[in-house]
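Chemist:
There are 2 protein chains.
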Amino acid sequence: MKKYKGYLIDLDGTMYRGTEGIKAAIDFVHKLKTNGIPYLYVTNNSSKTAKQVADHLNGFGIKATAEEVFTTAMATANYISKNLPNARVFMIGEEGLRQAMLEKSLLITDNQPNVVVVGIDREINYEKLAKACLAVREGATFISTNGDIALPTERGLMPGNGAITSVISVSTQIAPIFIGKPHSIIMEQALEQIGTLKKDTLMVGDNYDTDILAGIKSGIDTLLVHTGVTMEEHLKEKDILPTYALHSLEDWCI
Amino acid sequence: MKKYKGYLIDLDGTMYRGTEGIKAAIDFVHKLKTNGIPYLYVTNNSSKTAKQVADHLNGFGIKATAEEVFTTAMATANYISKNLPNARVFMIGEEGLRQAMLEKSLLITDNQPNVVVVGIDREINYEKLAKACLAVREGATFISTNGDIALPTERGLMPGNGAITSVISVSTQIAPIFIGKPHSIIMEQALEQIGTLKKDTLMVGDNYDTDILAGIKSGIDTLLVHTGVTMEEHLKEKDILPTYALHSLEDWCI
């Protein structure tokens, strides 16, 4: 088995499931740390700050710091900061997205915005959606943190950010720029942050349609672990397989 | 020109535009009334009751009664009443839809619904969308009053019910039963109510994608009037043309 010098690791379904940490994954990260191999948690969650995500992981007994976490909210703020000078951002989203924007000193406003950003927002309402539609129709750049259609919760699968985003894309007939997995914008930034070469980096995750496709699209090797969404039988219908597929990270030698 | 014995007539863009009545259309309806030719206003509006729509028309100087108005809310309530016995309806929508459901004695509840109905709701929130998604995933019949993607207002094009509905269809990957134009459910019911044969009935409207397609799909002749959405040049790209297309209803002989 090839030795990798850097790991990009998904969270939900890979490191924990519901309210429980996945022991094999926790041991795997512990080995990475002990061996001084860099890793970065890459998550489509835009509602929490990196610090909040790290605290959440610590609650599962996974020792983590904010520096080990890269959220799609951070990737979105970076993207705007690099590519859209003089951005006036109308934002739909929660604390994680707001903090990420403020850390990049981006202007959040609903006065003549030229950028519309949509992240999951459990306080969504018609007025926010209307303002987003009007601004996108006026020519504002339309960005969505991620296209996840559903959000797993104890109540069941709730509407994800991709579903909320569709109000604006369906109404305006304009497709957003998606930042999160499986799209490559978040991956390119995560690779830059971890600092390893593509050929030396492995993407680890439980979801073929986000984690594995993200790796495939950005040209890095992938490891699918069957502890979350995508099971062995689901792979039969896929054209491109992950580089590796395992039932548990226990079976992985770093 | 063929003589028709019954007319189904669209409202917004056909009878009025913004806050003004369209004189030629008002005169046309006046002629229908004087000649005793039956007509019915058929609208994708689910937010208002028939009485409220009639009052709105009266405000433009168009004499109208509730009996002359057939809304997609009424068609939706009829559809459920006829096809879904023991319906327990979770409803997203406004006054017009609620009244239509109550008039058909339908049970509106968020306790174990087996039908989810979505109409335009300017009080939309995440909890309503979540409940709808959970119920549809549990097998509830998913119905949408109409698929209009945008709602013309003085502020510009706001999200329409088709855009709101997409949150649930995108998240659950289940398509709704659409009731309103261009779908034929509303048209079949409108034809039943007006009581004329298909071959003797004409659908009049300004929007190719709703009014005219509705007529085409339900097998009745159509008259497109260029006073609203669809202009002459837009027809070049259409495979099936309306039976008639006019710049003004002034040029129409009943």
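One line per chain: the protein sequences are A and B, in this order.
Following this note's numbering, the numbering of the first sequence begins with 1 at its first residue and continues without gaps.
Following this note's numbering, the numbering of the second sequence begins with 255 at its first residue and continues without gaps.
The C-beta atom is built at its ideal place from N, Cα and C for all residues, glycine as well.
(1) Give me the DSSP bridge partner(s) of L500 (chain B).
(2) Can E68 (chain A) and Y41 (chain A) be called in contact, C-beta distance under 8 angstroms?
(3) Can you list the residues of chain A that L390 (chain B) reaches, using a CB-CB cut of under 8 angstroms?
(4) Hey, out of B:P436, B:I439, B:P292, whose CA is closest to L451 (chain B)'s CA?
(5) Rounded to whole angstroms, what's the CA-CA distance from L246 (chain A) to M74 (chain A)? Just pull it up for me.
(6) At a CB-CB cut-off below 9 angstroms, which residues of chain B make contact with I108 (chain A)?
(7) Does Y333 (chain B) have its Cβ less than 8 angstroms from a Cβ in chain A?
(8) Name, please, each residue of chain B whose Cβ falls closer than 8 angstroms to the Cβ of G13 (chain A).
(9) Compile a chain-ordered list of the residues in the region 122 to 134 of chain A whose CB is closer than 9 angstroms to at least one CB of chain B.
(10) Taking C-beta pairs closer than 9 angstroms, name the residues in chain A that M485 (chain B) reaches, listed in chain order.
(11) Does the distance from the CB of M91 (chain A) to the CB of L57 (chain A) come in under 8 angstroms?
(12) Quick one: grab the DSSP three-state call for S335 (chain B).
(13) Just how far apart, CA to CA, sit E123 (chain A) and F142 (chain A)?
(14) Using a C-beta cutoff of 8 angstroms, does I143 (chain A) count as contacting chain B?
(15) Rounded to whole angstroms, how far is the Cβ of L241 (chain A) from the Cβ of L235 (chain A), which I believe are closer than 8 angstroms?
(16) Taking 6 angstroms as the limit between beta carbons, can you name the residues of its chain near G147 (chain A), skipping five residues before and five after?
(17) Quick one: measure Cβ to Cβ for L265 (chain B) and T297 (chain B), integer angstroms, because I've assumed they're closer than 8 angstroms.
(18) If you reduce the DSSP assignment to three classes, tell me which class G205 (chain A) lands in.
(19) Could you please give the first and the last residue of the uninterrupted beta strand (DSSP E) stretch that includes S166 (chain A)?
(20) So, do the region 216 to 224 of chain A and the region 107 to 117 of chain A have three or more beta carbon pairs nearer to each other than 8 angstroms?
(21) With distances taken from CA atoms, which of B:A318, B:G434, B:G290 is nearest G373 (chain B)?
(22) Among B:I428, B:K471, B:G449, which has the Cα closest to the Cα of G260 (chain B)?
(23) Since I believe L262 (chain B) is in contact with V458 (chain B) (beta carbons under 8 angstroms), could you give me their beta-carbon distance rounded to a whole number of angstroms?
(24) By Cβ distance, which residues of its chain are closer than 7 angstroms to K131 (chain A), with the 5 residues on each side in sequence left out?
(25) Skipping 5 residues on each side, what residues in its chain have a beta carbon closer than 6 angstroms to that of S398 (chain B)?
(26) Taking A318 (chain B) as the reference, give the member of B:K287, B:V390, B:S301, B:T330 with the closest Cα.
(27) Can you tell me where the alpha helix (DSSP H) with F396 (chain B) in it begins and where it stops?
(28) Drop a sphere of 10 angstroms on the beta-carbon of L97 (chain A), count the other beta-carbons inside from all chains shown, and report buried for 16 or more, exposed for fewer.
(29) Give me the Cα-Cα distance between E95 (chain A) and Q189 (chain A), rounded to the nearest whole angstrom.
(30) Would you verify that the beta carbon of S166 (chain A) is, or is not, closer than 8 angstroms to some beta carbon of chain C?
(31) Strictly below 7 angstroms CB to CB, what residues from chain B border A150 (chain A)?
(32) My output table needs one value for T210 (chain A): the three-state DSSP class, helix, strand or coil.
(33) Shorter than 8 angstroms from the beta carbon of P413 (chain B) to some beta carbon of chain A?
(34) If contact means a Cβ-Cβ distance below 8 angstroms, which residues of the region 180 to 195 of chain A contact chain B?
(35) Could you tell me whether the Cβ of R409 (chain B) comes closer than 8 angstroms to any Cβ of chain A?
(36) Measuring CA to CA, which of A:D206, A:I212, A:G160, A:S184 is closest to S47 (chain A)?
Modeler: Quick answer:
(1) Working through the second sequence from its first residue, we reach residue 500 (chain B) at position 246. B:V479, per the DSSP bridge assignment.
(2) Working through the first sequence from its first residue, we reach residue 68 (chain A) at position 68. Working through the first sequence from its first residue, we reach residue 41 (chain A) at position 41. Going by C-beta atoms, E68 (chain A) is nearer than 8 angstroms to Y41 (chain A).
(3) Here residue 390 (chain B) is taken as the residue at index 136 of the second sequence, counted from 1. Strictly speaking, residue 390 (chain B) in this sequence is Val, with Leu absent from that position. Those do not exist, as V390 (chain B) stays about 10 angstroms from chain A at its closest Cβ, beyond 8 angstroms.
(4) One-based indexing of the second sequence puts residue 451 (chain B) at position 197. Of the candidates B:P436, B:I439, B:P292, the one whose C-alpha sits nearest the C-alpha of L451 (chain B) is B:P292.
(5) Along the first sequence, read from residue 1 onward, the residue named residue 246 (chain A) stands at position 246. Along the first sequence, read from residue 1 onward, the residue named residue 74 (chain A) stands at position 74. Each residue's alpha carbon lies about 30 angstroms from the other.
(6) Within the first sequence, numbered from 1, the residue matching residue 108 (chain A) stands at position 108. Residues of chain B passing the Cβ test: none, with the nearest at roughly 20 angstroms.
(7) Residue mapping note: residue 333 (chain B) aligns to position 79 of the second sequence, counting from 1. The beta-carbon of Y333 (chain B) is placed no less than 8 angstroms from the nearest beta-carbon of chain A.
(8) Within the first sequence, residue 13 (chain A) is the residue found at index 13, counting from 1. Contact of G13 (chain A) with chain B by beta-carbon distance below 8 angstroms is absent, the smallest such distance being about 18 angstroms.
(9) Going along the region 122 to 134 of chain A in chain order, one finds R122, E123, I124, N125, Y126, E127, L129, A130, A132, C133, L134 with a Cβ nearer than 9 angstroms to chain B.
(10) Here residue 485 (chain B) is taken as the residue at index 231 of the second sequence, counted from 1. Here the premise fails: no neighbours, minimum Cβ distance about 18 angstroms.
(11) Counted from its first residue, the first sequence places residue 91 (chain A) at position 91. Counted from its first residue, the first sequence places residue 57 (chain A) at position 57. Judged by beta-carbon spacing, L57 (chain A) lies beyond the 8 angstroms limit of M91 (chain A), meaning their Cβ atoms are not closer than that value.
(12) For this step, residue 335 (chain B) is matched to residue 81 along the second sequence. Looking at S335 (chain B) - three-state DSSP - the assignment turns out to be helix.
(13) Working through the first sequence from its first residue, we reach residue 123 (chain A) at position 123. Working through the first sequence from its first residue, we reach residue 142 (chain A) at position 142. Their backbone Cα atoms lie some 20 angstroms apart in a straight line.
(14) The residue given as residue 143 (chain A) occupies position 143 in the first sequence. Using beta-carbon distances, I143 (chain A) does not count as an interface residue toward chain B, since no partner is under 8 angstroms.
(15) The residue you call residue 241 (chain A) lines up with position 241 of the first sequence. The residue you call residue 235 (chain A) lines up with position 235 of the first sequence. That belief holds up - the Cβ atoms of L241 (chain A) and L235 (chain A) are roughly 6 angstroms apart, short of 8 angstroms.
(16) Looking up residue 147 (chain A) in the first sequence gives position 147. Sequence-distant Cβ neighbours of G147 (chain A) in its own chain, meaning closer than 6 angstroms and more than five residues away, are G162, F178.
(17) Stepping through the second sequence from its first residue, residue 265 (chain B) is reached at position 11. Stepping through the second sequence from its first residue, residue 297 (chain B) is reached at position 43. About 5 angstroms separates the beta carbons of L265 (chain B) and T297 (chain B), which is inside the 8 angstroms limit, making them a contact pair.
(18) Here the question's residue 205 (chain A) lines up with position 205 in the first sequence. If DSSP states are grouped into helix, strand and coil, G205 (chain A) belongs with the strands.
(19) Here residue 166 (chain A) corresponds to residue number 166 of the first sequence, with the count starting at 1. Unbroken run through S166 (chain A) is the alpha helix (DSSP H), 161 to 172; no beta strand (DSSP E).
(20) Contact fails: fewer than three Cβ-Cβ distances are below 8 angstroms.
(21) As a first step, residue 373 (chain B) is located in the second sequence; it is residue number 119 there, counting from the start. Just measuring C-alpha positions, the residue of B:A318, B:G434, B:G290 sitting nearest G373 (chain B) is B:G434.
(22) Mapped onto the second sequence, residue 260 (chain B) falls at position 6. For G260 (chain B), the closest alpha carbon among the candidates B:I428, B:K471, B:G449 is that of B:G449.
(23) For the purposes of this step, residue 458 (chain B) is identified with residue 204 of the second sequence, where counting begins at 1. For the purposes of this step, residue 262 (chain B) is identified with residue 8 of the second sequence, where counting begins at 1. Correct: roughly 7 angstroms between the Cβ atoms.
(24) Position 131 of the first sequence, counting from 1, holds the residue named residue 131 (chain A). Here the set comprises F90, D110.
(25) Residue numbering aside, residue 398 (chain B) sits at position 144 when the second sequence is read from its first letter. Excluding residues within five positions, the ones whose Cβ falls inside 6 angstroms are V372, T419, P430, F432.
(26) Position 64 of the second sequence, counted from the start, is the residue given in the question as residue 318 (chain B). Distance from the Cα of A318 (chain B) is smallest, within the candidate group B:K287, B:V390, B:S301, B:T330, for B:K287.
(27) On the second sequence, position 142 is the one that residue 396 (chain B) refers to. In the DSSP annotation of this structure, F396 (chain B) is not part of any alpha helix (DSSP H); the continuous beta strand (DSSP E) holding it starts and ends at 395 to 398.
(28) Working through the first sequence from its first residue, we reach residue 97 (chain A) at position 97. With a 10 Å radius around the Cβ and a threshold of 16 neighbouring Cβ atoms, L97 (chain A) comes out buried.
(29) Within the first sequence, residue 95 (chain A) is the residue found at index 95, counting from 1. Within the first sequence, residue 189 (chain A) is the residue found at index 189, counting from 1. When rounded, the distance between both Cα atoms is 21 angstroms.
(30) Here the protein chains are A and B, and chain C is not one of them.
(31) Along the first sequence, read from residue 1 onward, the residue named residue 150 (chain A) stands at position 150. In chain order: S425.
(32) On the first sequence, residue 210 (chain A) is found 210 positions in, with the first residue counted as 1. Of the three classes helix, strand and coil, the one that applies to T210 (chain A) here is helix, per DSSP.
(33) Numbered from 1 along the second sequence, position 159 holds the residue referred to as residue 413 (chain B). Residue contact with chain A for P413 (chain B): present (Cβ-Cβ distance below 8 angstroms to some residue of chain A).
(34) Within the region 180 to 195 of chain A, no residue has a Cβ that lies closer than 8 angstroms to any Cβ of chain B.
(35) For the purposes of this step, residue 409 (chain B) is taken as residue 155 along the second sequence, with counting starting at 1. Yes, R409 (chain B) lies at the interface with chain A (some Cβ there is under 8 angstroms from its Cβ).
(36) The count along the first sequence starts at 1 and reaches residue 47 (chain A) at position 47. Ranking the options by Cα distance to S47 (chain A), first place goes to A:G160.
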